[in-house]
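There are 2 protein chains.
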Amino acid sequence: MILTVTLNTALDITYRVRELRPHASHRVSEVTERPGGKGLNVARVLAALGHEVMVTGFTGGATGRVVQDQLTDTPGVLDALVPVAGATRRTIAVVDELTGDTTQLNEPGPTVTSAEWRAFQEAYESLLTGEISAVALCGSLPPGLPVGAYAGLIRTARTAGIPVLLDTSGEPLRRGVAARPDIVKPNAEELAELTGSQDPLRATQATRRRGARAVVASLGAQGLLAATPEGTWHATPPARIPGNPTGAGDSAVAGLLSGWVERLPWPDRLARAVALSAATVLSPVAGEFDRAAYEELLGRVAVTGDASAAWVSP
Amino acid sequence: MILTVTLNTALDITYRVRELRPHASHRVSEVTERPGGKGLNVARVLAALGHEVMVTGFTGGATGRVVQDQLTDTPGVLDALVPVAGATRRTIAVVDELTGDTTQLNEPGPTVTSAEWRAFQEAYESLLTGEISAVALCGSLPPGLPVGAYAGLIRTARTAGIPVLLDTSGEPLRRGVAARPDIVKPNAEELAELTGSQDPLRATQATRRRGARAVVASLGAQGLLAATPEGTWHATPPARIPGNPTGAGDSAVAGLLSGWVERLPWPDRLARAVALSAATVLSPVAGEFDRAAYEELLGRVAVTGDASAAWVSP
Numbered sequence: 001m002i003l004t005v006t007l008n009t010a011l012d013i014t015y016r017v018r019e020l021r022p023h024a025s026h027r028v029s030e031v032t033e034r035p036g037g038k039g040l041n042v043a044r045v046l047a048a049l050g051h052e053v054m055v056t057g058f059t060g061g062a063t064g065r066v067v068q069d070q071l072t073d074t075p076g077v078l079d080a081l082v083p084v085a086g087a088t089r090r091t092i093a094v095v096d097e098l099t100g101d102t103t104q105l106n107e108p109g110p111t112v113t114s115a116e117w118r119a120f121q122e123a124y125e126s127l128l129t130g131e132i133s134a135v136a137l138c139g140s141l142p143p144g145l146p147v148g149a150y151a152g153l154i155r156t157a158r159t160a161g162i163p164v165l166l167d168t169s170g171e172p173l174r175r176g177v178a179a180r181p182d183i184v185k186p187n188a189e190e191l192a193e194l195t196g197s198q199d200p201l202r203a204t205q206a207t208r209r210r211g212a213r214a215v216v217a218s219l220g221a222q223g224l225l226a227a228t229p230e231g232t233w234h235a236t237p238p239a240r241i242p243g244n245p246t247g248a249g250d251s252a253v254a255g256l257l258s259g260w261v262e263r264l265p266w267p268d269r270l271a272r273a274v275a276l277s278a279a280t281v282l283s284p285v286a287g288e289f290d291r292a293a294y295e296e297l298l299g300r301v302a303v304t305g306d307a308s309a310a311w312v313s314p
Numbered sequence: 001m002i003l004t005v006t007l008n009t010a011l012d013i014t015y016r017v018r019e020l021r022p023h024a025s026h027r028v029s030e031v032t033e034r035p036g037g038k039g040l041n042v043a044r045v046l047a048a049l050g051h052e053v054m055v056t057g058f059t060g061g062a063t064g065r066v067v068q069d070q071l072t073d074t075p076g077v078l079d080a081l082v083p084v085a086g087a088t089r090r091t092i093a094v095v096d097e098l099t100g101d102t103t104q105l106n107e108p109g110p111t112v113t114s115a116e117w118r119a120f121q122e123a124y125e126s127l128l129t130g131e132i133s134a135v136a137l138c139g140s141l142p143p144g145l146p147v148g149a150y151a152g153l154i155r156t157a158r159t160a161g162i163p164v165l166l167d168t169s170g171e172p173l174r175r176g177v178a179a180r181p182d183i184v185k186p187n188a189e190e191l192a193e194l195t196g197s198q199d200p201l202r203a204t205q206a207t208r209r210r211g212a213r214a215v216v217a218s219l220g221a222q223g224l225l226a227a228t229p230e231g232t233w234h235a236t237p238p239a240r241i242p243g244n245p246t247g248a249g250d251s252a253v254a255g256l257l258s259g260w261v262e263r264l265p266w267p268d269r270l271a272r273a274v275a276l277s278a279a280t281v282l283s284p285v286a287g288e289f290d291r292a293a294y295e296e297l298l299g300r301v302a303v304t305g306d307a308s309a310a311w312v313s314p
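First to last, the protein sequences are chains A and B.
Going left to right, the first sequence walks through residues 1 to 314 as my numbering numbers them.
Going left to right, the second sequence walks through residues 1 to 314 as my numbering numbers them.
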């Protein structure tokens, strides 16, 4: 069983409108809702790949109840969310029917009290039993949490002997890396912000020196660059994939985690992560992956083992 | 006790963002939520004026529960909403912090089944006891309802001997007027659409000929024009009022209703409606009225009894 942690869970709402125009009134023609926040997205992809997943993080208010109701309807996903007095945030994606362009509105999330944070830490520690094969810590921190929150959760997982992946940004990423997680998965922008280097190869190596055991950088259309104790690899999709990149990074995390707990070698983990990510971009539903495309793409991902030679700066 | 009917209740959500830009991602700095839909707004103003109000209409889903929880916390308002399987709609007002301009996103609302509509009609009829002094039918119809829905509710109220006000638009207004309501309150656009005339005085008279006993047209900064069996009046605010017009029409309806059940003469009802409407535009909170401004404005509303002379076409 894999445990994913989403401290700032969300109800992701998608609105279709003809064309968003500032200061006008719009009739929404279609409304869809689903559980959101990176860790819940990762869990949904893992479950679709046949893995058992437990999800934790915070849930509160009417939006939290909707998120939990929908999780109950997702086979393979176990709900271990912890209650909080504030309301789970909404994110609203407004899609223009004419062009497919999306405007995003993100609520900040509930302010978590120190008592609620302590209750979460206790619940998290009690979930880290022998049943859990890996932990993924995903996404932004809600208001009220200490910036070192992920660093603490990484130490707890390491103490329990459970491997841990971190996917966040900014200062929580910086503090998290110093707590020595097994994998971090920054994108190009997060990596540059963390290390000050625009060169992904140098930046991944610098991130390892700061404490991460392995670094897998997601570089959009250029695939994944992995710096690990076993070697350095660059995995690229067979072609430029048109579509909606929402959730592609979360699918990559799910690919890495599933390959990890199945003890696949690094090149196979990376190929799976790149194929899942590309199949998510291709899917007509944002954040879902197209299974046929995934299986077709899997054999066509190129993985080169000498990243320093294979990597051409953009 | 006044009964207000809101067939398409809403949870009105307001987001503050720095500046809404299409196809960009925005952090929402502030989220506020309150019960919405015209009849619920009218009820809140009536309650603030010291009237007892009962609200009915449909409620469903997680958003419906939030609306009902907030109504429970509103003194003077009794909740008689009828459950529906679909979810109560959200409306989202995105306010630019820089300019105060607002972009509106309105969900369509739940599709109401014919069984749910029958259940509502029975509940409505059972509410029309001697305790109810007036009924207000307010706002748009949710998907699934017959276009003559308001016409039927007007006939039921008339059969029960209870005076009824209608505030809606388009075909539901046209059908409603033919069912002979005591008052209709169209705005200039609704009036022109109904009658084909851009001249408010002619259009209000034409609307009376179509079946409405009295017509009170809301003409924005030019106040209210009333054509009634007792005479024709034009009521205007003392000055052009700067601010947010959201809810000004609902406050005007609350003013008319409260003056009606208190048996005030028409000029006093109209003065109250104009002052409440202007005090709503002035209020910093959309849809609330500024009580001090209302009391100050009340004595300064000009009501002229010879509307055909006093009315100057814009």
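Ideal Cβ placement from N, Cα and C applies to all residues, glycine included.
Bear in mind the structure is a predicted one, so any value in this text is a computation, not a measurement.
Residue pairing by DSSP places histidine 26(B) opposite Leu105(A) in a beta bridge. Closest in alpha carbon position to isoleucine 2(A), among Val164(A), Gly36(A) and Ala192(A), is Val164(A).
Chain A has a Cβ within less than 8 angstroms of the Cβ of proline 108(B).
For leucine 282(B), the CB contacts under 7 angstroms within the same chain, skipping 5 residues up- and downstream, are Ile241, Gly243, Asp290 and Ala293 in chain order. Under the DSSP assignment, alanine 47(B) falls in the alpha helix (DSSP H) whose first and last residues are 38 to 48.
Alanine 217(A): member of the beta strand (DSSP E) spanning 214 to 218, first to last residue.
In the structure shown, the three-state DSSP call for leucine 98(B) is coil. For asparagine 244(A), DSSP records no beta bridge to any residue. Think of a sphere of 8 angstroms around the beta carbon of serine 277(B): no beta carbon from chain A falls inside it, the nearest being about 20 angstroms out. Counting the other Cβ atoms within 10 Å of the Cβ of histidine 51(A) gives 16 or more, which makes it buried. Under the three-state reduction of DSSP output, glutamate 116(A) falls in the helix class.
Residues of chain B with a Cβ closer than 9 angstroms to the Cβ of threonine 88(A) do not exist; the shortest Cβ-Cβ separation is about 11 angstroms. Per DSSP, glycine 231(A) is one residue of the beta strand (DSSP E) stretching across 231 to 236. Fully contained in the stretch 159 to 201 of chain B are the following alpha helix (DSSP H) runs of length 4 or more, in chain order: 170 to 178 and 188 to 195.
The beta-carbon separation of arginine 158(A) and arginine 174(A), rounded to 18 angstroms, does not stay under the 8 angstroms limit for a contact. Comparing alpha carbon positions, the residue from Ser29(B), Gly60(B) and Pro75(B) closest to valine 112(B) is Gly60(B). Threonine 4(A) is positioned such that its CB atom lies closer than 8 angstroms to that of alanine 136(A). For leucine 141(B), there is no enclosing alpha helix (DSSP H), as DSSP marks it with neither H nor E. Bridge partners of tyrosine 294(A) according to DSSP: none are assigned. Apart from sequence neighbours up to five positions away, the residues of its chain that approach glycine 255(B) with a beta-carbon distance below 6 angstroms are Arg272, Ala273 and Leu276, ordered along the chain.
Counting only residues of its own chain and dropping the five nearest sequence neighbours on each side, glycine 247(A) has a CB closer than 7 angstroms to the CB of Asn41, Thr280, Ala286 and Gly287. Counting only Cβ-Cβ distances below 9 angstroms, proline 22(A) has contacts in chain B at Glu19, Leu20, Arg21, Pro22, Val94, Asp96, Asp101 and Thr103, in chain order. 8 angstroms or more divides the Cβ of leucine 225(A) from the Cβ of threonine 195(A). Per DSSP, valine 55(A) is one residue of the beta strand (DSSP E) stretching across 53 to 59.
Distance check between proline 83(A) and each of Thr156(A), Ala62(A) and Gly37(A) places Ala62(A) closest, using alpha-carbon atoms only. In this chain, the beta strand (DSSP E) harbouring aspartate 79(A) covers 77 to 79.
Within a 10 Å sphere around the beta-carbon of threonine 99(A) sit fewer than 16 other beta-carbons, which makes this residue exposed.
Listed along chain A, no residue sits closer than 9 angstroms to valine 281(B) by beta-carbon distance, the nearest being about 17 angstroms off. The criterion of a C-beta distance shorter than 8 angstroms is not satisfied by valine 53(B) and leucine 71(B). At least one C-beta of chain A is nearer than 8 angstroms to the C-beta of tyrosine 15(B). Interface annotation, serine 25(A): in contact with chain B, CB-CB separation under 8 angstroms. The three-state reading of DSSP puts arginine 16(B) in strand, counting E and B together.
Taking the beta carbon of valine 28(A) as reference, the chain B residues within 7 angstroms of it are Leu105, Asn106, Glu107 and Pro108, listed in sequence order. Counted as a single uninterrupted DSSP element, the beta strand (DSSP E) harbouring leucine 3(B) occupies residues 2 to 6. Within the stretch 44 to 74 of chain A, the residues whose Cβ lies closer than 9 angstroms to some Cβ of chain B are Gly61, Ala62, Thr63, Arg65, Val66 and Asp69, listed in chain order. For isoleucine 162(A), same chain residues with a beta-carbon under 7 angstroms away, outside a window of 5 residues either side, are Leu128, Ile132, Ala134 and Val135 in chain order.
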